[in-house]
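Asks: Note that the protein sequences, when read in sequence, are chains S and P.
Count along the first sequence starting at 1, add 1483, and that's the number in the working numbering.
Count along the second sequence starting at 1, add 6, and that's the number in the working numbering.
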Amino acid sequence: MLKMSVESVWPGAVLAKPIVNDAGISLIAAGVEVTGSLKEKLASMGVTEIFIAGKRVPDIPKEEFLAKVDVSFSKTEEDPRMAVMKRALLAHVEELY
Amino acid sequence: MLDAERVRAKVERTNAVPTIPLVIKKILRAVDQPATSPAAVSKLISSDPALTAKVLKVINAAMYGFVARIASVNQAVVLLGMNVVRALLLGVSMFEMMEQTTMGLWKHSLGCATVAKLLAQKKGMFDPEEASVAGLLHDIGKVVLSIQYPKEYQMAVAAAGERSMFLPDVEMEVFNMTHATAGAYFANTWRLPKFVVESIRCHHEPSLTITAPMHATTVHMADILVKAYNVGFSGDPFVPIVHQSSWELFDFSEAQMKDLFAEIGDAIAQIDDFLETPNR
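(1) Are the stretch 139 to 156 of chain P and the stretch 106 to 116 of chain P touching by the rule of at least three beta carbon pairs closer than 8 Å?
(2) Thinking just about the alpha-carbon of each residue, which of 196(P), 195(P), 214(P) is nearest to the one in residue 204(P)?
(3) Are the beta-carbon atoms belonging to residue 256(P) and residue 95(P) less than 8 Å from one another?
(4) From 1566(S), 1485(S), 1512(S), pick the residue whose C-alpha is nearest to that of residue 1525(S); which is it?
(5) Quick check: what's the CA-CA separation for residue 1551(S) versus residue 1577(S)?
(6) So, with DSSP's three-state summary, where would you put residue 1492(S)?
(7) Would you call the stretch 247 to 265 of chain P and the stretch 226 to 234 of chain P in contact, with 3 or more CB pairs under 8 Å?
(8) Restricting to Cα atoms, I'd like to know which of 1573(S), 1498(S), 1563(S) is closest to residue 246(P).
(9) Just to confirm the assignment, what range does the alpha helix (DSSP H) spanning residue 152(P) have?
(10) Tell me whether residue 1534(S) sits in a helix, a strand or coil according to DSSP, three-state version.
(11) Quick check on the DSSP output: the beta strand (DSSP E) that includes residue 1510(S) runs from which residue to which?
(12) By the three-class DSSP mapping on this structure, what secondary structure does residue 1523(S) have?
(13) Of all the options 193(P), 200(P), 238(P), which has the alpha carbon lying nearest to the alpha carbon of residue 18(P)?
(14) If contact means a Cβ-Cβ distance below 9 Å, which residues of the stretch 224 to 248 of chain P contact chain S?
(15) Starting from the beta carbon of residue 256(P), find every residue of chain S whose beta carbon is closer than 9 Å, and list them in chain order.
(16) Tell me which residue opens and which closes the alpha helix (DSSP H) that residue 195(P) is part of.
(17) Just to confirm the assignment, what range does the alpha helix (DSSP H) spanning residue 1576(S) have?
(18) With a cut-off of 8 Å, does the C-beta of residue 1558(S) fall near any C-beta of chain P?
(19) In the DSSP assignment, what are the bridge partners of residue 31(P)?
(20) Per DSSP, what kind of secondary structure is residue 1560(S) in: helix, strand or coil?
(21) Quick one: is residue 1554(S) buried, meaning 16 or more other Cβ sit within 10 Å of its Cβ, or exposed?
(22) For residue 89(P) and residue 15(P), what's the separation of their Cα atoms in angstroms?
(23) What does residue 1555(S) touch in chain P if you count any residue whose Cβ is under 8 Å from its own?
(24) Determine the burial state of residue 28(P): buried for a count of at least 16 other Cβ atoms within 10 Å of its Cβ, exposed for fewer.
(25) According to the neighbour-count rule (16 or more other Cβ atoms, all chains shown, within 10 Å of its Cβ), is residue 1504(S) buried or exposed?
(26) For a contact defined as C-beta to C-beta under 9 Å, what are the partners of residue 260(P) on chain S?
(27) Report yes if the CB atom of residue 1492(S) is closer than 8 Å to the CB atom of residue 1533(S), and no otherwise.
(28) Closer than 7 Å, Cβ to Cβ, to anything on chain S: give me those residues from the stretch 82 to 109 of chain P, in chain order.
(29) According to DSSP, simplified to helix, strand and coil, what is residue 237(P)?
(30) Counting only the same chain and skipping the five closest in sequence on each side, list residues whose C-beta sits under 7 Å from that of residue 100(P).
(31) Among all the DSSP beta bridges, which residues are the ones paired with residue 1502(S)?
(32) Alpha carbon to alpha carbon, how far is residue 135(P) from residue 1559(S)? Give it in angstroms, no decimals.
(33) Taking residue 268(P) as the query, report the chain S residues whose CB atoms sit under 9 Å from its CB, ordered along the chain.
(34) With a threshold of 16 other CB atoms inside 10 Å of the CB of residue 1486(S), please say whether the residue is buried or exposed.
(35) Judging by CA-CA distance, which residue of 1495(S), 1556(S), 1535(S), 1520(S) is the nearest neighbour of residue 1501(S)?
What follows is the structure, given as structure tokens:
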């Protein structure tokens, strides 16, 4: 999921979160495609930023991410529960890049 | 090593610290009067626009997944209850005082609030907003100790880095108590809700609480996941072992945990955006 300004959203992008009013009532559902006319409608509603479905590229290189994970788990990875957690995190990192 | 009783007395006197804004002191005093109506409290908070903006910003960020849903203090009091708003108010103003030096801790706390809420939603055990408040304030003891003992606390963090130690172990050496205990003394003095006090006190040892086991267990798990993901900086980089009871309660498979990390990654990216935007 990505947060973007309405004007910079590309054609065909899909809302990852609904647009809600101040009372929390959903006005436009998640999953709706952001077309040109929807952008105009959002602008008229005063909505400037929306959540778009998609993958965010992490802002640090993969090696750096992995090195940090190694340090984080360095004291506890012998523990079976923590070993599971570390494997799950490493699998997630693989999917990120 | 400092004497634990003295540290406790000083921690409990944190409300006398002159840097706590007068408006906060007024509000907290007002809330303690049984005759004060929620409307009167809302009015007091709203009398400080900068504070109002900050509180609403944090409420919307940590509680409502960054979609601005709460537009006024009055609405926050109605939706979340006076006690929760009071806890948030105190937390926000404490962090505000420290913002420059504890940006990493603020990010860690916002991360913990978001993940605690996510976990509570997944388990459907209790009010996710309560999990969020408890997560946000779990490390408030670090803020309190660094306000009351700035030099000693800075040394403790430096020593944890130099000696590759868990920060709570160094805190025991220096203060004869951890930030969890100090934070609970502080929260208790301010008469924060029991689930907040217990989550602060037991976020490293959730089995120690009788009155708020679900909250403490959830905050414990959230704290560890957020540390594993290296969100912000809480004083040391090391992930402690997750408590058996917490592990069993959530009972995540390895695949589920991987998906959970993906959700955490998304949430954290939003926290980054939030922290970079001065006012929303």
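Even for Gly, the Cβ is constructed at its ideal location relative to N, Cα and C.
Replies: Looking at the coordinates:
(1) yes
(2) On the second sequence, position 198 is the one that residue 204(P) refers to. Of 196(P), 195(P), 214(P), the residue nearest in Cα terms is 214(P).
(3) Here residue 256(P) corresponds to residue number 250 of the second sequence, with the count starting at 1. Here residue 95(P) corresponds to residue number 89 of the second sequence, with the count starting at 1. No, the pair does not count as a contact, with Cβ atoms beyond the cut-off.
(4) As a position in the first sequence, residue 1525(S) is number 42, starting the count at 1. Closest option to residue 1525(S), Cα to Cα, is 1512(S).
(5) In the first sequence, counting from the first residue as 1, residue 1551(S) sits at position 68. In the first sequence, counting from the first residue as 1, residue 1577(S) sits at position 94. Distance between the alpha carbons of residue 1551(S) and residue 1577(S): 14 Å.
(6) By one-based count along the first sequence, residue 1492(S) stands at place 9. Here DSSP, grouped into helix, strand and coil, assigns residue 1492(S) to coil.
(7) yes
(8) As a first step, residue 246(P) must be located in the second sequence, where it is residue number 240. Out of 1573(S), 1498(S), 1563(S), 1563(S) has the C-alpha closest to the C-alpha of residue 246(P).
(9) Translated into positions along the second sequence, residue 152(P) becomes position 146. Unbroken alpha helix (DSSP H) run through residue 152(P): 146 to 154.
(10) As a working note, residue 1534(S) is residue 51 in the first sequence. Here residue 1534(S) sits in strand by DSSP.
(11) Counting from one through the first sequence, the residue named residue 1510(S) turns up at place 27. Looking at the DSSP string, the run of the beta strand (DSSP E) that includes residue 1510(S) is 1509 to 1511.
(12) As a working mapping, residue 1523(S) is identified with position 40 in the first sequence. Looking at residue 1523(S) - three-state DSSP - the assignment turns out to be helix.
(13) Position 12 of the second sequence, counted from the start, is the residue given in the question as residue 18(P). Checked all of 193(P), 200(P), 238(P); the closest Cα to residue 18(P) is 193(P).
(14) Residues 230, 231, 233, 234, 235, 236, 243, 244, 245, 246, 247, 248.
(15) In the second sequence, counting from the first residue as 1, residue 256(P) sits at position 250. Those within 9 Å of residue 256(P) in chain S number zero; the least Cβ separation is about 11 Å.
(16) Looking up residue 195(P) in the second sequence gives position 189. Run containing residue 195(P): 185 to 195, per the alpha helix (DSSP H) assignment.
(17) Walking along the first sequence from the start, residue 1576(S) turns up at place 93. Per DSSP, residue 1576(S) belongs to the alpha helix (DSSP H) from 1563 to 1579.
(18) As a first step, residue 1558(S) must be located in the first sequence, where it is residue number 75. Closer than 8 Å to some Cβ of chain P, the Cβ of residue 1558(S) qualifies, so yes.
(19) The sequence position of residue 31(P) within the second sequence is 25, counting from 1. Per the DSSP secondary-structure output, residue 31(P) pairs with nothing in a beta bridge.
(20) For the purposes of this step, residue 1560(S) is taken as residue 77 along the first sequence, with counting starting at 1. If DSSP states are grouped into helix, strand and coil, residue 1560(S) belongs with coil.
(21) Your numbering for residue 1554(S) matches position 71 in the first sequence. Counting Cβ neighbours within 10 Å, residue 1554(S) comes out exposed, since fewer than 16 surround it.
(22) Taking the first residue of the second sequence as 1, we reach residue 89(P) at position 83. Taking the first residue of the second sequence as 1, we reach residue 15(P) at position 9. So the alpha carbons of these two residues sit roughly 24 Å apart.
(23) Here residue 1555(S) refers to the residue found at position 72 when the first sequence is read from its first residue. Simply 233, 234, 236, 243, 244, 245.
(24) Here residue 28(P) corresponds to residue number 22 of the second sequence, with the count starting at 1. When all chains shown are included, residue 28(P) counts as exposed.
(25) By 1-based counting over the first sequence, the position of residue 1504(S) is 21. Exposed, because fewer than 16 other Cβ atoms sit within 10 Å of the Cβ of residue 1504(S).
(26) Counting from one through the second sequence, the residue named residue 260(P) turns up at place 254. Within chain S, the residues near residue 260(P) are 1567, 1568, 1570, 1571, 1574.
(27) In the first sequence, residue 1492(S) corresponds to position 9, counting from 1. In the first sequence, residue 1533(S) corresponds to position 50, counting from 1. Result yes, Cβ atoms of residue 1492(S) and residue 1533(S) sit closer than 8 Å.
(28) Here the close residues number zero.
(29) Along the second sequence, one-based indexing puts residue 237(P) at 231. Residue 237(P) falls in the coil class under three-state DSSP.
(30) As a first step, residue 100(P) must be located in the second sequence, where it is residue number 94. Hits under 7 Å: 146, 149.
(31) One-based indexing of the first sequence puts residue 1502(S) at position 19. The partner list for residue 1502(S) (beta bridge, DSSP) reads 1511(S).
(32) Within the first sequence, the letter at position 76 stands for residue 1559(S). Within the second sequence, the letter at position 129 stands for residue 135(P). Between residue 1559(S) and residue 135(P), the C-alpha separation is close to 31 Å.
(33) Indexing the second sequence from 1 puts residue 268(P) at position 262. For residue 268(P), the C-beta contacts it makes with chain S under 9 Å involve 1575, 1578, 1579, in order along the chain.
(34) For this step, residue 1486(S) is matched to residue 3 along the first sequence. Buried, since its Cβ has 16 or more Cβ neighbours within 10 Å.
(35) Working through the first sequence from its first residue, we reach residue 1501(S) at position 18. If we check each option's Cα against that of residue 1501(S), 1535(S) comes out closest.
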